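Here's the structure, in structure tokens; my notes come after.
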Amino acid sequence: MKDSSKIGLTGAVALVIANMMGTGIFTTTGFLVEEMPSRAMVLLAWALGGGLALLGAICYGDLVRQWPESGGEYLFLSRALHPSMGYVAGWVSLFVGFSAPTAAAAYAAGAYARADGFEPDPRWMGTFWIVLFSLCHGKGIGMGTRIQNALVLLKLILLLGVMTWAWTKMEVPEISQKEPVELSTFSVSLVWIYFSYCGWNAAVYIASEVRDPRRQLPFALVAGTLLVTFFYVALNALFLWGVPLDVLAGRENVARVAFDYLGGSSLGSMVSFVVLMALLSSISSMTMAGPRVYAKMASDGYLPLWFAKASAPGWACVWLQGGLAISMLWLPTFKQLLSYMGFTLGISASLSILGLMRHKIRYPETIRVTGWPWIPAFFLLIVFWVTLFSIWKEPIPSMMGMLTLFVGWAIWWGRKKSLPTPSA
Numbered sequence: 041m042k043d044s045s046k047i048g049l050t051g052a053v054a055l056v057i058a059n060m061m062g063t064g065i066f067t068t069t070g071f072l073v074e075e076m077p078s079r080a081m082v083l084l085a086w087a088l089g090g091g092l093a094l095l096g097a098i099c100y101g102d103l104v105r106q107w108p109e110s111g112g113e114y115l116f117l118s119r120a121l122h123p124s125m126g127y128v129a130g131w132v133s134l135f136v137g138f139s140a141p142t143a144a145a146a147y148a149a150g151a152y153a154r155a156d157g158f159e160p161d162p163r164w165m166g167t168f169w170i171v172l173f174s175l176c177h178g179k180g181i182g183m184g185t186r187i188q189n190a191l192v193l194l195k196l197i198l199l200l201g202v203m204t205w206a207w208t209k210m211e212v213p214e215i216s217q218k219e220p221v222e223l224s225t226f227s228v229s230l231v232w233i234y235f236s237y238c239g240w241n242a243a244v245y246i247a248s249e250v251r252d253p254r255r256q257l258p259f260a261l262v263a264g265t266l267l268v269t270f271f272y273v274a275l276n277a278l279f280l281w282g283v284p285l286d287v288l289a290g291r292e293n294v295a296r297v298a299f300d301y302l303g304g305s306s307l308g309s310m311v312s313f314v315v316l317m318a319l320l321s322s323i324s325s326m327t328m329a330g331p332r333v334y335a336k337m338a339s340d341g342y343l344p345l346w347f348a349k350a351s352a353p354g355w356a357c358v359w360l361q362g363g364l365a366i367s368m369l370w371l372p373t374f375k376q377l378l379s380y381m382g383f384t385l386g387i388s389a390s391l392s393i394l395g396l397m398r399h400k401i402r403y404p405e406t407i408r409v410t411g412w413p414w415i416p417a418f419f420l421l422i423v424f425w426v427t428l429f430s431i432w433k434e435p436i437p438s439m440m441g442m443l444t445l446f447v448g449w450a451i452w453w454g455r456k457k458s459l460p461t462p463s464a
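All residue numbers for the sequence shown refer to the numbering used here, where the first residue is 41 and numbers rise by one.
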């Protein structure tokens, strides 16, 4: 008999889709076109980003088979590498994994929610969305999951509809001579795209609240990632071959700009509503997933025990993240914020997969790793390559990411005598 208090396969897949389809897909292409004025190279970057996310999803499926509990990177690194690495991963999740992306999505949602005659500061609207979803998810997993599934279904139906209409109406513009693209520029573009694909691991953060997580979650991670990759590549092909590159270059609201060009302001307004639904579902999914990490840290003794609760993270964890997100919402940055988040989250995921490889080498009979050793090794190789170019081309966001990791580790080191060893 199914446990109605647990999340099923549909809910887990919806969480992955909602967490992935957020700010990045509706903003990043304008920056990519500005840096790489080549349709083929921009689309190739999006396809490679999807491939990298799929490799990560496969590896995380193996991790969750070994440790089918909530917590994500915090849990995996604590078990597979060292408690200090788990503590740093929890620190990264709190600031970079959930609070910062929630703030970015809330700002964009605030901008897309504006209409003629009603144009408040997007930060006020963004604050409203964060408070609203904190209230919903603070009540428990049931209400939050129903809202989440409804938003994802509506988002996919509307997005598929406008994409199909636009494909039938667009006229492919004359393609100018292809501009050369430097390897370093292409590599740094993958950092922005990695952030756009972040969320492929979303369901592992709530593993304890999923029915049969060892079987359901690996499938949910891969299925959600494949669906989002299809939408991302198809949507970007529509942008790139349906709209002149100079119209897209440097635009943050690239989806609205593209559909305004393809179908006029009426289609642009419809797409703004679709984007708003996507952003709201992203805020919802991060408000659902993130607090589970902090609850797990609290149960292990790394946060005050009143953050922990047996069946759900409760109000304390939800509002901890919500408060941080609102604080970040009022900080004026964006393009470098994308680089900072992509860089830091890439390192965090890589450490988890490195821990998977270490555990496999030490205990080969206790864990099954899909495509061993090629899939995890290829993921690490790509992220290492992108990280090196990112440090070279984007030193400030990269240094901010490294500083975030160092501060988390320094806090652990300073308190290590009083910190417990996480339960096995």
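Where a beta carbon is used, it is the ideal one built from N, C-alpha and C, also for glycine. Since we're looking at a predicted model, the values are computed, not measured.
- [ ] Indicate whether Val250 and Leu257 have their beta-carbon atoms separated by less than 9 Å.
- [x] yes
Open item on the list: Which same chain residues end up closer than 8 Å to Gln217 when comparing Cβ atoms and leaving out the 5 residues on each side of it in sequence?
Closed with: The pLDDT assigned to Gln217 is 48, lower than 50, so where the model puts this residue is not dependable; a value taken from the coordinates is nonetheless given after this. So no residue of the chain qualifies.
TODO: For Ile407, name the three-state secondary structure that DSSP assigns.
DONE: coil
Task: Endpoints, alpha helix (DSSP H) assigned at Met76 - done: Where Met76 is concerned, there is no enclosing alpha helix (DSSP H), given that its DSSP letter is neither H nor E.
Task: Straight-line Cα distance separating Thr406 from Val192 - done: 36 Å
- [ ] Compute the Euclidean distance between the alpha carbons of Leu103 and Leu88, then round it to the nearest angstrom.
- [x] 23 Å
Task: Identity of the residue in Gly411, Ser388, Ala417 nearest Trp449 by Cα - done: Ser388
- [ ] Measure the C-alpha to C-alpha separation of Arg119 and Gly126 and round it to an integer number of angstroms.
- [x] 8 Å
Task: Counted within 10 angstroms of its Cβ, other Cβ atoms place Thr68 as buried (16 or more) or exposed - done: buried
Open item on the list: Taking the alpha-carbon of Leu377 as reference, which of Ala144, Gly112, Pro331, Ser133 has the nearest alpha-carbon?
Closed with: Ala144
TODO: Measure the beta-carbon distance from Leu288 to Phe299 and round it to whole angstroms, keeping in mind my assumption that it falls under 8 Å.
DONE: So it is not a contact: roughly 12 Å between Cβ atoms.
Task: Local Cβ density within 10 Å of Met439, reported as buried at 16 or more and exposed below that - done: exposed
Task: Backbone CA spacing between Val56 and Arg455 [nearest angstrom] - done: 34 Å
Open item on the list: In whole angstroms, give me the CA-to-CA distance for Ser351 and Asp252.
Closed with: The predicted position of Ser351 is uncertain, since its pLDDT is 48 and thus under 50; a value taken from the coordinates is nonetheless stated next. Their Cα atoms are separated by approximately 16 Å.
Open item on the list: Quick check: the Cα distance between Val128 and Tyr342, rounded to an integer number of angstroms?
Closed with: 11 Å
Task: Pair within 9 Å by beta-carbon distance, Ser248 and Ser110 - done: yes
Task: Under the three-state DSSP convention, the category Val132 falls into - done: helix
Task: Proximity to Tyr301 [Cα-Cα], best of Phe116, Val171, Leu278 - done: Leu278
Task: Between the CA atoms of Met337 and Ile451 - distance to the nearest angstrom - done: 15 Å
Open item on the list: For Ala52, tell me which candidate among Phe116, Trp207, Gly264, Ala295 has the shortest Cα-Cα distance.
Closed with: Gly264
Task: Cβ-based neighbour list, Gly441, same chain, cut-off 6 Å, excluding 5 preceding and 5 following - done: Tyr380, Phe383, Thr384
Task: CA-to-CA distance, Met203 to Trp414, given in whole angstroms - done: 36 Å
Task: Whole-angstrom distance between Met310 and Val447, CA atom to CA atom - done: 44 Å
Task: Contact under 9 Å by Cβ, Val423 with Ser390 - done: yes
Open item on the list: I believe Val314 touches Lys195 by the beta-carbon criterion, under 8 Å. Please report the beta-carbon distance rounded to the nearest angstrom.
Closed with: 7 Å
- [ ] Could you have a look at Leu221 and say whether DSSP puts it in helix, strand or coil?
- [x] The sequence as given places Val at residue 221; Leu does not occur at that position. Three-state result, Val221: coil.
Task: Beta-bridge partners of Ile47, as assigned by DSSP - done: Val250
Open item on the list: Taking its Cβ as the centre, do 16 or more other Cβ atoms sit within 10 Å of Pro466, making it buried, or is it exposed?
Closed with: Nothing about residue 466 can be read from this structure; the chain reaches only from 41 to 464.
Task: Status (buried if at least 16 other CB within 10 Å, exposed otherwise) for Ile197 - done: exposed
- [ ] Using alpha carbons as the reference points, say which of Met328, Phe259, Arg408 lies closest to Gln361.
- [x] Met328
TODO: Look up Trp370 in the DSSP assignment and say whether it is helix, strand or coil.
DONE: coil
Task: When His122, Ile323, Ala149, Gly363 are compared against Ala242, the one with the closest alpha-carbon - done: Ile323
Task: Ala318 and Phe66 closer than 9 Å at C-beta - done: yes
Task: Pairwise C-alpha distance: Gly70 and Thr225 - done: 15 Å
Task: Contact under 9 Å by Cβ, Gly330 with Tyr237 - done: no
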